[in-house]
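What follows is one structure encoded as structure tokens, with my remarks underneath.
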Amino acid sequence: METERKLFKCGVLEAATKFCGFIRVDLLPGGQKRTFWWTREVQLTLSETRTAFKNWLWRKEPSTHMQYVQARKVAAMAVAKASIRKEMPLNN
Numbered sequence: 142m143e144t145e146r147k148l149f150k151c152g153v154l155e156a157a158t159k160f161c162g163f164i165r166v167d168l169l170p171g172g173q174k175r176t177f178w179w180t181r182e183v184q185l186t187l188s189e190t191r192t193a194f195k196n197w198l199w200r201k202e203p204s205t206h207m208q209y210v211q212a213r214k215v216a217a218m219a220v221a222k223a224s225i226r227k228e229m230p231l232n233n
């Protein structure tokens with residue numbers, strides 16, 4: 142059963158690599174994995190979103206909820222922009 146699963150997994154990964162390619166993302170100096178779109182701008186925007194969320198949870202007011210929703214939209218746009226701008230080529 143385990144062998145069949147491994148064979149199936151290898152076949153699927155091989156086919157996906159052949160037809161879709163893959164993106165190689167290097168490790169940071171500390172050996173941590175990273176995604177290619179994670180920039181300082183994205184990090185700061187997500188930090189602001191986290192702060193707005195905690196503020197909304199603490200106060201439960203409509204104004205804090207609107208601030209959180211706005212921060213969430215800004216964060217989504219920052220991630221989308223960064224992922225398009227930093228698009229990496231596929232290795233074939």
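Just so we're aligned, residue 142 is where the sequence shown starts under this note's numbering, counting upward by one.
For each residue, glycine too, the CB sits at the ideal point set by N, CA and C.
Fair warning: this is a prediction, and the values are worked out from it, not measured in the lab.
When you compare each of the options to residue i by their alpha carbons, which one comes out closest?
{"i": "Tyr209", "options": "Lys195, Val220, Ala221", "result": "Lys195"}
{"i": "Ala216", "options": "Ala193, Ala156, Ser204, Arg200", "result": "Ala193"}
{"i": "Leu187", "options": "Val220, Cys161, Thr158", "result": "Val220"}
{"i": "Arg213", "options": "Arg191, Leu154, Lys201", "result": "Arg191"}
{"i": "Ile225", "options": "Leu185, His206, Trp179", "result": "Trp179"}
{"i": "Gln269", "options": "Lys201, Met218, Phe160", "result": "Examination of residue 269 is not possible in this model, given that the chain is present from 142 through 233 alone."}
{"i": "Glu189", "options": "Lys201, Pro203, Gln211", "result": "Gln211"}
Within 10 angstroms of the Cβ of residue i, are there 16 or more other Cβ atoms? Answer buried if so, exposed if not.
{"i": "Trp199", "result": "exposed"}
{"i": "Ala223", "result": "buried"}
Just how far apart, CA to CA, sit residue i and residue j?
{"i": "His206", "j": "Ala157", "result": "42 Å"}
{"i": "Arg181", "j": "Val153", "result": "35 Å"}
{"i": "Glu145", "j": "Cys151", "result": "10 Å"}
{"i": "Cys161", "j": "Trp197", "result": "42 Å"}
{"i": "Glu155", "j": "Glu143", "result": "18 Å"}
{"i": "Phe149", "j": "Pro203", "result": "51 Å"}
{"i": "Lys147", "j": "Lys201", "result": "49 Å"}
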